[in-house]
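Residue 149 in the working numbering sits at position 119 of the sequence shown, with consecutive numbering throughout.
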Amino acid sequence: MRLPLLNSRLAGMGTTIFAEMSALATATGAINLGQGFPDTDGPSEIAQAAADAILTGKGNQYPPGPGIPELRQAVAGHQKRFYGLDYDPDTEVLITAGATEAIAATLLALLEPGDEVIAFEPYYDSYAACIAMAGAARVPLTLRAPTFRPDLEALRDLVTSRTRVIMLNSPQNPTGMVLTADELAAIAELACERDLLVVTDEVYEHLVYDGTHIPIASLPGMRDRTVTISSGGKTFSFTGWKVGWVTAPPPLLSAVRTAKQFLTYVSSGPFQYATAKALELPDSYYTDLRDSHRRKRDLLATGLTEAGLHVYQPAGTYFITTDVSSLGESDGHAFCRALPQRCGVVAIPNVVFYDNTEVGRSQVRFAFCKNDEILAQAATRLKTLHRTA
Ligand code: PMP
Ligand code: GLN
């Protein structure tokens, strides 16, 4: 048998850090502030809608390839309600198995081997894997502490004749950075000037505490070259349902759909009905979600600071990036592996999201999408940590 079995494109991408750290939390009984999932489910009427869909035979058999019409209309309605963007539910909206499949389908559809994708590191792990599976090359623009703002001159310098896509994620996992109107305008200008596609992952669009979320598709010249990706996981606190979506003009959407139909074909039938209902929740649902998470952010940030960690205050997402060198530690990965034994908490080392690993070596991410009591308990445990040097 020819070895190694895992092909060279995926070499070194063993088990995701989220699976590794959640398994560690289960094995040790530690509080899991690693993988980002809420410990409280979303609205009960939305859960009821999923149960009703199953029991009344809605979506139990293959739903339509592009997604059920009710959900495509609800996604289009959401883009209009929050951003004034018009998308045709029939030709410009595609339902996917979470944002994860949307990212995979988009990159597999749009990239040729040898193409370059500029992405802002630290980046969400599936970007690197999907770019690799497409045979393309990732080109990192490094975001640096303390602000994690992109260096737009450096971005311009990274564009070559092989650049095909700029990949954005705002609000950004893991740093919590939210791109400003000026930054988005500069990126849009560059994309238009160099005729680049933009793929934008906006799964944390409703979790912005400072500033506002602006979809780059709403900027002049951008609608025709942008694939926008989001999902219901974070917005409705049902990360296990895996209902995601893509909005893009017809030629881009049709390319993404071509790849998507050979990945899952379709998924999550009954959950598509429930997510359609969720997207139509009143504005108050969305503001309450944001306000409760802003409070949780502040609660955990205070706890982490009191525990001696250096906190980089996030403007969005449900993650706080810290620097453990304030505790005398230099290796975030080793810190995270030892943390459950040392004080019963699990966190994620940001270094795994970097190509330039030196930059992220001492950064550690904590999730705050948890009950207040759990956050307080985690903070109490972290305060037992002592400086190692
Ligand atoms: N993008 C980012 C930035 C994420 O943090 C996540 C994780 N939830 C995803 C995509 C995947 O989203 P989904 O669960 O909808 O597949
Ligand atoms: N998006 C979640 C996080 O960043 C994890 C999703 C996953 O496990 N792939 O923590």
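For each residue, glycine too, the CB sits at the ideal point set by N, CA and C. Just so you know, these numbers come straight off a predicted model, no measurement behind them.
Item, Value
"CB of ALA306 within 9 Å of CB of GLN109, strictly", "no"
"Touching by the beta-carbon criterion (3+ pairs, under 8 Å), the segment 362-370 and the segment 148-161", "no"
"For GLN393, the residue or residues it bridges with in DSSP", "ASP353"
"Where PRO180 falls: helix, strand or coil (DSSP)", "coil"
"Nearest candidate by alpha-carbon position, reference VAL375, set ALA60, ARG395, TYR92, THR352", "ALA60"
"Residue(s) in a DSSP beta bridge with ALA167", "GLU146"
"SER356 and GLY338 closer than 9 Å at C-beta", "yes"
"Alpha helix (DSSP H) segment containing ARG372, residue limits", "362-373"
"Proximity to CYS373 [Cα-Cα], best of GLN407, SER248, ALA164", "GLN407"
"ILE133: CB within 8 Å of a non-hydrogen atom of ligand 1", "yes"
"Helix, strand or coil at ALA113 according to DSSP, with G and I counted as helix", "A small correction: the amino acid at residue 113 is Tyr; Ala does not occupy that position in the sequence shown. In the structure shown, TYR113 sits in a helix (DSSP, three-state: H, G or I)."
"Proximity below 9 Å, CB of ALA79 to CB of TYR316", "no"
"Proximity test, ASP231 beta-carbon vs ligand 1 heavy atom, cut-off 8 Å", "yes"
"LYS272 Cβ short of 8 Å to ligand 1 heavy atom set", "yes"
"Spatial distance of ASP225 from ARG194 (CA atoms)", "8 Å"
"Test item: CB-CB of THR347 and TYR234 under 9 Å", "yes"
"Spatial neighbours of LEU171 in its chain, beta-carbon cut-off 8 Å, leaving aside the 5 residues before and after", "ILE148, ALA149, PHE150, GLU151, PRO180, ASP181, ALA184, LEU185, LEU188"
"The segment 249-266 contacting the segment 41-60, beta-carbon criterion three pairs below 8 Å", "no"
"Counterpart residues of GLU151 in DSSP-defined beta bridges", "THR172"
"MET31 classed as buried or exposed, judged by whether at least 16 other C-beta atoms fall within 10 angstroms", "exposed"
"For ligand 2, residues whose Cβ lies under 6 Å from any non-hydrogen atom", "THR46, PHE48, GLN65, GLY66, ASN203"
"Nearest-angstrom beta carbon gap, VAL296 and THR136 [assumed within contact, 8 Å]", "17 Å between Cβ atoms; not a contact."
"Contact under 9 Å by Cβ, LEU101 with LEU283", "no"
"Anticipated Cβ contact below 8 Å, SER298 with VAL276, distance rounded", "SER298 to VAL276, Cβ: 15 Å. No contact."
"For ARG39, the three-state DSSP class (helix, strand or coil)", "coil"
"ASN199 in three-state terms, based on DSSP", "strand"
"Residues bridged to ASP321 [DSSP beta-bridge criterion]", "Answer is none; ASP321 lacks a bridge partner."
"Integer-rounded CB distance, given that ARG255 should sit under 8 Å from LEU227", "5 Å"
"C-alpha distance - GLN371 paired with ALA377, whole-angstrom precision", "12 Å"
"Short Cβ contact (9 Å threshold) for PHE266 with GLY72", "yes"
"Sequence-distant residues of the same chain with beta carbon closer than 8 Å to MET163, five excluded per side", "ARG39, LEU40, ALA134, LEU137, LEU138"
"Unbroken alpha helix (DSSP H) run spanning TYR303, endpoints", "299-309"
"Extent of the continuous beta strand (DSSP E) run through VAL286", "That residue, VAL286, is in no beta strand (DSSP E); its alpha helix (DSSP H) goes 280-290."
"Status (buried if at least 16 other CB within 10 Å, exposed otherwise) for ASN37", "exposed"
"Alpha-carbon spacing of GLY89 relative to LYS413, whole angstroms", "48 Å"
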